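Quick note, the sequence shown lines up with residues 55 to 533 if you use my numbering.
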Amino acid sequence: MPQIGCDPGWEGKPRSWGRTGTQGVVTLKLSWWNRNTVHPTCRLRKPRSHQGVGSTSSKSPMKDLTLPFDEAQIRRIIQQHPTPFHLYDERAIRQNARRLLRAFAWNPGFREFFAVKATPNPYLLKILKEEGFGADCSSLAELVLSERVGLTGEAIMFTSNDTPASEYVRAKELGAILNLDDITHLDFLERRCSGLPELLCFRYNPGPDRTGNVIIGNPAEAKYGLTREQLFQAYQQAKERGVRRFGLHTMVASNELDRVYFVETARMLFTLARELKDRLGIRLEFVNLGGGIGIPYRPEQTAVDLEALGQEIRELYEQMVVPAGLDPLAICMENGRMVTGPYGYLVTTAIHEKHIYRDYIGVDACMANLMRPGMYGAYHHITVLGKENAPPDRVYDVVGSLCENNDKFAVQRSLPPIEPGDVLAIHDAGAHGYAMGFQYNGKLRGAELLLKEDGSVQQIRRAETLDDYFATLDFSGLA
Ligand SMILES: Cc1ncc(COP(=O)(O)O)c(C=O)c1O
């Protein structure tokens, strides 16, 4: 079963909710209410066709298939930056970020720590920092990236596992919130990382109490986090060893489109917060619901209604947290996919057309640029630029050049007739896209470009070259 962050796009979701109790409330701090969210009209941007990014409606938007660019603009970009490349839509990312913060503005301490692993690009991190997000890091490289954009201290949640001492040391130096994956890490920190910090968080694995979803798998089989029993021991031990401030974390869903799942996660954590107070006298500063809010990869899917999610968790907070005397309790999340996923496109050119037992369109991108379809059979919508209104009366496999038969962006997909030279936009490639790239078969990762709010395009990562590929080899030893 794939792990968090490498999740497939399978559609079935058998599950049950692990309900753990009842529930709490609210002072208002509307952090983005007063902010001017009207953006300059982008000269090349088409209006979005329906409720979508940036909408303040409480209706769940169906997937928005409107592109923030057209064929002419992409062809101009290609003159400077050859395909394949990832293109991110700054305006949509900002609007979506504000929407998430608005949905939880009732909780004064709410914070989204963007899961850096989803799209580890400093320019995108900077945008998200400007919007008020922190960073969720899982490795040294992600810590360094965050530091480079000015995210330090408690703006970083270090949610790692199987962590080398050197990474904990760096995270501590940065003042990051350490989110421990195991009870033994208390000793590990004391012995190997010169002691425990003042603030600690533990990652809870509910095991059989939650069934997870089809994507993330069964929590009881996941390597992450502490059992319930360990959790209480860990807080007790940490308190005895001088830790003064505490948070609680879990991550039990991935690419989950049903908001009830997150409400139930909040219920689970609020229940634990009450138990920690009653049993150990520990008052949590925050609960971190994890990431995992899904995105509608398929046209018929519906995005999570963030406003409804925020309100439902607020009601629970009023029922559970406030009467227990635990208010204020900050709510945190560490989403990646829903933050940048829908607002990044893999742009690629058709270079071959092949007709054997099936009809194939070969493009200049491959799994090295976007692994999800090939690895998981995940659906990513494809728009053939300039042919948006042409009837989809051909059936193709759209393939890359890896010597792997699963290197397919689409299998038996109805699309308009495609010819070599046509440019394709592969949707929802803005998270767990470039980040999962690799160099197998000597394939090189493409550039990352930012479509800025004023319509201009900035290269935010250059494409790899053969020199990059060979950089770790020293041919001189062959002589
Ligand atoms: C610990 C943790 N937090 C957050 C995330 C982000 O998940 P998503 O991008 O689905 O929101 C992941 C995903 O890999 C994760 O492992």
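Even for Gly, the Cβ is constructed at its ideal location relative to N, Cα and C. Just so it is clear, the structure is predicted and the values come from calculations on it, not from any experiment.
Requested in this report: Could you name the residues of the same chain whose beta carbon sits closer than 7 Å to that of THR76, not counting the 5 residues immediately before and after it, in chain order?
Outcome: Caution applies to THR76, whose pLDDT of 26 falls short of 50 and renders its modelled position unreliable; the value that the coordinates give is listed next. Only GLN373, MET374 meet the Cβ criterion.
Requested in this report: Pick helix, strand or coil for ILE132, following the three-state DSSP scheme.
Outcome: Per DSSP, reduced to three states, the secondary structure at ILE132 is helical.
Query raised in the report: Whole beta strand (DSSP E) runs in the segment 244 to 311 with 3 or more residues, listed along the chain?
Result: Taking only runs of at least 3 residues, the beta strand (DSSP E) segments lying wholly in the segment 244 to 311 are 253 to 258, 299 to 304.
Report task. Indicate the three-state DSSP secondary structure (helix, strand or coil) for GLU201 in the structure shown. Result -> Looking at GLU201 - three-state DSSP - the assignment turns out to be helix.
Query raised in the report: So is ILE336 buried or exposed if we call it buried at 16+ other beta carbons inside 10 Å?
Result: Label assigned to ILE336: buried.
Query raised in the report: Going by other Cβ atoms of all chains shown within 10 Å of its Cβ, with 16 needed for buried, is THR526 buried or exposed?
Result: THR526 should be labelled exposed.
Query raised in the report: Using 8 Å as the threshold, is the segment 353 to 364 in touch with the segment 172 to 184, meaning 3 or more CB pairs across them?
Result: As far as the Cβ criterion goes, the segment 353 to 364 does not touch the segment 172 to 184, which means the pair count is below three.
Query raised in the report: When the Cα atoms are used, what is the spatial distance from ASN161 to VAL477?
Result: Rounded to the nearest angstrom, the two C-alpha atoms are 44 Å apart.
Query raised in the report: By how many angstroms is the C-alpha of TYR315 removed from the C-alpha of ASP332?
Result: Their backbone Cα atoms lie some 26 Å apart in a straight line.
Query raised in the report: Which ranges would you report for the alpha helix (DSSP H) in the segment 389 to 426 if only whole runs of at least 4 residues count?
Result: The segment 389 to 426 is shown to contain whole alpha helix (DSSP H) runs of 4 or more residues at 391 to 394, in chain order.
**Report entry** Whole-number beta carbon distance between ARG152 and ALA384, since they are thought to touch under 8 Å
**Finding:** Contact between ALA384 and ARG152 does not hold, since their C-beta atoms are separated by about 19 Å, which reaches or exceeds 8 Å.
Requested in this report: Give me the Cβ distance between GLY344 and MET387, rounded to the nearest whole Å; I'm assuming they're in contact under 8 Å.
Outcome: Confirmed, Cβ separation roughly 7 Å.
Query raised in the report: Looking at PHE300 and CYS255, is the spacing between their C-beta atoms short of 8 Å?
Result: Judged by beta-carbon spacing, PHE300 lies within the 8 Å limit of CYS255, meaning their Cβ atoms are closer than that value.
Query raised in the report: For ASP190, is the beta carbon positioned less than 7 Å from some heavy atom of ligand 1?
Result: Yes, since a heavy atom of ligand 1 falls inside the 7 Å radius drawn around the Cβ of ASP190.
Requested in this report: Drop a sphere of 10 angstroms on the beta-carbon of LEU338, count the other beta-carbons inside from all chains shown, and report buried for 16 or more, exposed for fewer.
Outcome: LEU338 comes out buried.
Query raised in the report: I think ALA483 touches LEU439, with their Cβ atoms under 8 Å apart; what is that distance to the nearest whole Å?
Result: Actually they do not touch by this definition, with Cβ atoms about 15 Å apart.
Query raised in the report: Do three or more CB pairs link the segment 426 to 445 to the segment 119 to 136 at distances below 8 Å?
Result: Enough Cβ pairs lie closer than 8 Å, so yes.
Query raised in the report: Under three-state DSSP, which class holds ALA483?
Result: When secondary structure is reduced to three states using DSSP, ALA483 falls in the coil class, being assigned neither helix nor strand.
**Report entry** For LEU311 and ALA419, the rounded distance between their alpha carbons
**Finding:** Computed Cα separation, rounded: 28 Å.
Query raised in the report: Just the Cα atoms here: how many angstroms apart are ARG246 and LEU503?
Result: Put simply, the backbone Cα of ARG246 is about 41 Å away from that of LEU503.
Report task. Determine contact between the segment 168 to 183 and the segment 453 to 466, defined as no fewer than three beta-carbon pairs at a distance below 8 Å. Result -> Touching, no.
Query raised in the report: How many Å lie between LEU253 and LYS117 at the Cα?
Result: Going by the C-alpha atoms only, they are around 40 Å apart.
Query raised in the report: Quick one: is the Cβ of ILE347 within less than 7 Å of any heavy atom of ligand 1?
Result: Checking every heavy atom of ligand 1 against the Cβ of ILE347, one is found closer than 7 Å.
Query raised in the report: What is the residue span of the beta strand (DSSP E) that GLU166 lies within?
Result: It spans 165 to 169 - the beta strand (DSSP E) in which GLU166 sits, taken as one unbroken run.
**Report entry** ARG467 (DSSP reduced to helix, strand or coil)
**Finding:** Reduced to three states, the DSSP call for ARG467 is strand.
Query raised in the report: Just to confirm, does LYS171 get its C-beta within under 7 Å of one of the non-hydrogen atoms of ligand 1?
Result: The answer is yes for LYS171.
Query raised in the report: Do you know how far the Cα of TYR222 is from the Cα of LEU326?
Result: So the alpha carbons of these two residues sit roughly 26 Å apart.
**Report entry** Contained beta strand (DSSP E) runs [length at least 3] in the segment 319 to 392, N- to C-terminal order
**Finding:** Segments of the beta strand (DSSP E) lying fully in the segment 319 to 392: 340 to 342, 384 to 387.
Query raised in the report: Should ALA219 be labelled buried (16 or more other beta-carbon atoms within 10 Å of its own) or exposed?
Result: Around the beta carbon of ALA219, fewer than 16 other beta carbons lie within 10 angstroms, which makes this residue exposed.
Query - Member of VAL341, ARG412, LEU179, PRO273 whose CA lies at the smallest distance from the CA of LEU323 - result: Nearest to LEU323 by C-alpha distance, out of VAL341, ARG412, LEU179, PRO273, is VAL341.
Query raised in the report: Count the other CB atoms within 10 Å of the CB of ASP190; is the residue buried (16 or more) or exposed (fewer)?
Result: For ASP190, the number of other beta carbons within 10 angstroms of its own is at least 16, and it is reported as buried.
Query raised in the report: What residue range is occupied by the uninterrupted beta strand (DSSP E) comprising LEU503?
Result: In the DSSP annotation of this structure, the continuous segment of the beta strand (DSSP E) that includes LEU503 starts and ends at 501 to 505.
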